[in-house]
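Chains as they are written, first to last, in our numbering: chain D, 4 to 123; chain P, 241 to 800. As structure tokens, the structure follows; a few thoughts come after it.
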């Protein structure tokens with residue numbers, strides 16, 4: 004059965020590249036344009052969430068917090084994919100419950116390696 | 241980059257303030273928002289085009305690697321084909337032809353020997369007449385030679401009939417062996433001419449196929465490596481496209497800083513954001529150049545690979561001359577072997593007929609021999625009886641003597657004929673044994689192996705050619721797509737110029753603003769280390785303290 008990954012980023016270019024990379028590897032992908040949009044797409048059928056940090060309406064750290072209190076999605080691993088350089092932000096993401104932190108730009112094989120390692 | 245920013249910062253220090261610095265900000269913000277929006281479409285388009293190409297390149301590389309495996313399946317049948325073709329060339333009908341010719345020679349000798357008996361038979365007829373004449377002289381007398389005359393007459397008649405039958409049989413025998421000998425000579429000649437040249441040609445084509453296989457296998461390995469590199473290069477391009485997102489965020493921060501600037505901080509803000517925008521423009525320009533250069537490099541590599549691959553792979557795709565020649569050659573060999581097999585059966589039949597006919601002749605000759613012995617007995621009796629008659633019986637004695645002499649000749653001729661007939665039968669037996677070996681398991685098995693190997697080779701070649709056709713089609717499609725990707729990505733000169741114009745506008749707005757003026761500028765919502773670095777370069781010692789930066793992670797990734 005295919006695994007489903009939610010990608011949350013306000014950049015259409017990044018969403019495109021993440022979606023294609025994951026779909027090429029056999030994953031189903033759901034896209035969300037920011038944290039608020041991602042919140043509305045949470046479900047128990049998700050295998051992973053990949054999120055940016057700096058987004059309008061609800062940023063990535065806020066989203067992680069919401070995920071960890073969501074009744075169906077609280078155990079879904081969350082990988083942060085960001086240009087963010089602030090160590091405090093990284094710590095905040097870690098404290099909120101993030102699983103991994105990837106700095107952009109990413110190579111497709113790097114992203115896949117992280118996904119495969121997290122999902123096992 | 242940052243060194244040039246520092247130099248720029250030193251240049252602007254000590255200048256005066258522009259009175260209407262903030263007035264330029266709305267125009268600059270509108271322009272920057274437009275740039276971010278318009279470039280996104282082109283970057284999205286390039287990404288949408290390139291990522292499927294990466295998958296295609298990986299598919300071609302995998303196909304090229306598996307091509308060698310497909311060709312490997314043809315190696316076994318090739319080896320069998322080569323071996324069987326060689327064996328077919330080696331089978332020699334010369335030995336059989338030699339025996340046939342010997343049978344033909346002996347058949348001629350037999351016919352001559354039988355023809356040599358004809359005068360004896362005629363002499364027997366004469367003796368029979370003379371015997372009746374001499375016998376009649378003694379009719380009614382004390383001695384009776386009527387029985388002698390009747391016996392001689394009957395025996396000479398019988399011997400004539402037998403010799404005539406033998407002569408007919410010998411003629412048929414000779415005709416049959418001559419025909420068989422001619423067929424064998426023809427077949428032997430044909431085999432030496434056709435089969436040798438044919439197998440040489442088939443061998444040469446098989447070697448060409450082997451060499452082609454090696455070439456394609458090596459090319460497949462090279463192609464797999466090259467397409468692997470193309471795939472990696474496209475991956476680099478995809479990474480480079482992400483720079484758009486980075487620049488977009490930087491522009492958002494610049495716009496936010498400009499829109500949030502007060503009148504008092506306008507000049508300092510303009511100074512700082514001009515530096516930030518200059519840095520973003522350089523990032524954007526570099527990424528565009530990087531992506532275009534990588535795309536063009538991929539296109540060049542694809543062209544080289546296409547040319548080489550089509551030159552080598554095109555040999556097997558659509559061009560079946562190698563296999564067609566081998567297939568035609570194998571068909572001819574099979575036909576010739578089947579002809580030989582048919583000829584061998586005909587030879588066996590002819591040999592059986594020779595054996596039967598020689599047996600018939602032998603039986604007839606045995607009958608002649610028996611008659612000759614009987615003649616000798618009658619002649620001896622007649623001689624004895626004629627001798628008793630004294631002078632009167634002298635003529636009859638002479639006739640009896642002549643009959644005896646003829647009988648002796650007949651006996652000798654019969655013995656000679658029997659020897660030749662036995663010799664012919666011996667050669668026929670040896671011929672049957674040799675022909676049986678050739679026409680038995682040997683030829684039939686070779687024909688089956690030839691057919692099986694040719695069929696297996698044809699199947700392997702067809703699979704390889706289909707794979708080659710697919711690979712060639714993929715290559716051509718990939719090359720065309722990459723060319724389109726290069727063409728459609730463009731140079732983004734307009735966007736870069738628009739950013740440069742905005743930089744100039746901000747610098748003009750900054751006027752003679754000094755680094756100390758930056759103290760009043762609110763630090764923008766920087767999220768990237770590069771933004772902080774630019775700020776430091778422009779503000780120098782007056783830069784606000786920046787938050788602790790994310791530590792360098794290995795390969796951009798950190799697991800919690």
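Every residue, glycine too, gets a C-beta built ideally from N, C-alpha and C. All figures in this text were calculated on a predicted structure; none of them were measured in a lab.
| Query | Result |
| --- | --- |
| Residues bridged to residue 102 of chain D (per DSSP) | Answer is none; residue 102 of chain D lacks a bridge partner. |
| 4-residue-minimum alpha helix (DSSP H) runs that sit fully inside the stretch 664-731 of chain P, ordered along the chain | 683-729 |
| Which listed residue (P:538, P:649, P:603) has its alpha carbon closest to that of residue 721 of chain P | P:538 |
| Unbroken alpha helix (DSSP H) run spanning residue 438 of chain P, endpoints | 436-481 |
| Which of helix, strand or coil DSSP assigns to residue 594 of chain P | helix |
| Residue 21 of chain D versus residue 289 of chain P - alpha carbon distance | 14 Å |
| Residue 667 of chain P to residue 435 of chain P span [Cα, whole Å] | 27 Å |
| Within 7 Å of chain P by C-beta, residues of the stretch 14-41 of chain D in sequence order | 14, 15, 16, 17, 19, 20, 23, 27 |
| For residue 476 of chain P and residue 285 of chain P, the rounded distance between their alpha carbons | 16 Å |
| Proximity winner among P:441, P:614, P:628, P:274, relative to residue 645 of chain P (alpha-carbon distances) | P:614 |
| Given residue 481 of chain P as reference, the closest of D:43, D:57, D:15 once Cα atoms are compared | D:15 |
| Minimum Cβ-Cβ distance from residue 475 of chain P to chain D less than 8 Å | yes |
| Start-to-end residues for the alpha helix (DSSP H) that takes in residue 25 of chain D | 15-27 |
| Neighbour flag for residue 101 of chain D against chain P, beta carbons, 8 Å | yes |
| Supposed close pair residue 597 of chain P, residue 409 of chain P - CB separation, criterion 8 Å | 6 Å |
| Cβ-based neighbour list, residue 6 of chain D, same chain, cut-off 6 Å, excluding 5 preceding and 5 following | 30, 50 |
| Residues that residue 52 of chain D bridges to, as DSSP identifies them | D:9, D:81 |
| Short Cβ contact (8 Å threshold) for residue 813 of chain P with residue 350 of chain P | Residue 813 of chain P is absent from the structure shown; chain P starts at 241 and stops at 800. |
| Min CB distance residue 741 of chain P to chain D below 8 Å | no |
| Contacts of residue 488 of chain P in chain D (Cβ-Cβ under 7 Å) | 14 |
| Distance between residue 492 of chain P and residue 501 of chain P (C-alpha atoms, nearest Å) | 14 Å |
| Beta bridge counterpart(s) of residue 35 of chain D as assigned by DSSP | D:11 |
| Euclidean distance between Cα positions of residue 348 of chain P and residue 417 of chain P | 9 Å |
| Closer than 8 Å to chain D by CB, residue 728 of chain P | no |
| Alpha-carbon spacing of residue 557 of chain P relative to residue 693 of chain P, whole angstroms | Note on residue 557 of chain P: pLDDT 46, under 50, position unreliable in the model; the coordinate value appears next. In a straight line, the C-alpha of residue 557 of chain P is about 21 Å away from that of residue 693 of chain P. |
| Proximal chain D residues relative to residue 768 of chain P, where beta-carbon distance stays under 7 Å | 86, 88 |
| Secondary structure of residue 798 of chain P, DSSP reduced to three states | strand |
| With 16 other Cβ atoms within 10 Å as the buried cut-off, status of residue 102 of chain D | buried |
| Any C-beta of chain P under 8 Å from that of residue 111 of chain D | yes |
| 3-residue-minimum beta strand (DSSP E) runs that sit fully inside the stretch 512-549 of chain P, ordered along the chain | none |
| Whole-angstrom distance between residue 799 of chain P and residue 54 of chain D, CA atom to CA atom | 15 Å |
| Proximity below 8 Å, CB of residue 767 of chain P to CB of residue 88 of chain D | yes |
| Test: residue 291 of chain P CB closer than 8 Å to a CB of chain D | yes |
| Amino acids of chain D, ordered along the chain, whose beta-carbon sits closer than 7 Å to that of residue 796 of chain P | 105, 106, 109, 113 |
| 7 Å CB neighbourhood of residue 555 of chain P in its chain, flanking five on each side removed | Legend: pLDDT at residue 555 of chain P = 48, less than 50; position of this residue unreliable, no value from coordinates given. |
| Residue-chain proximity (residue 117 of chain D, chain P), Cβ-Cβ < 8 Å | yes |
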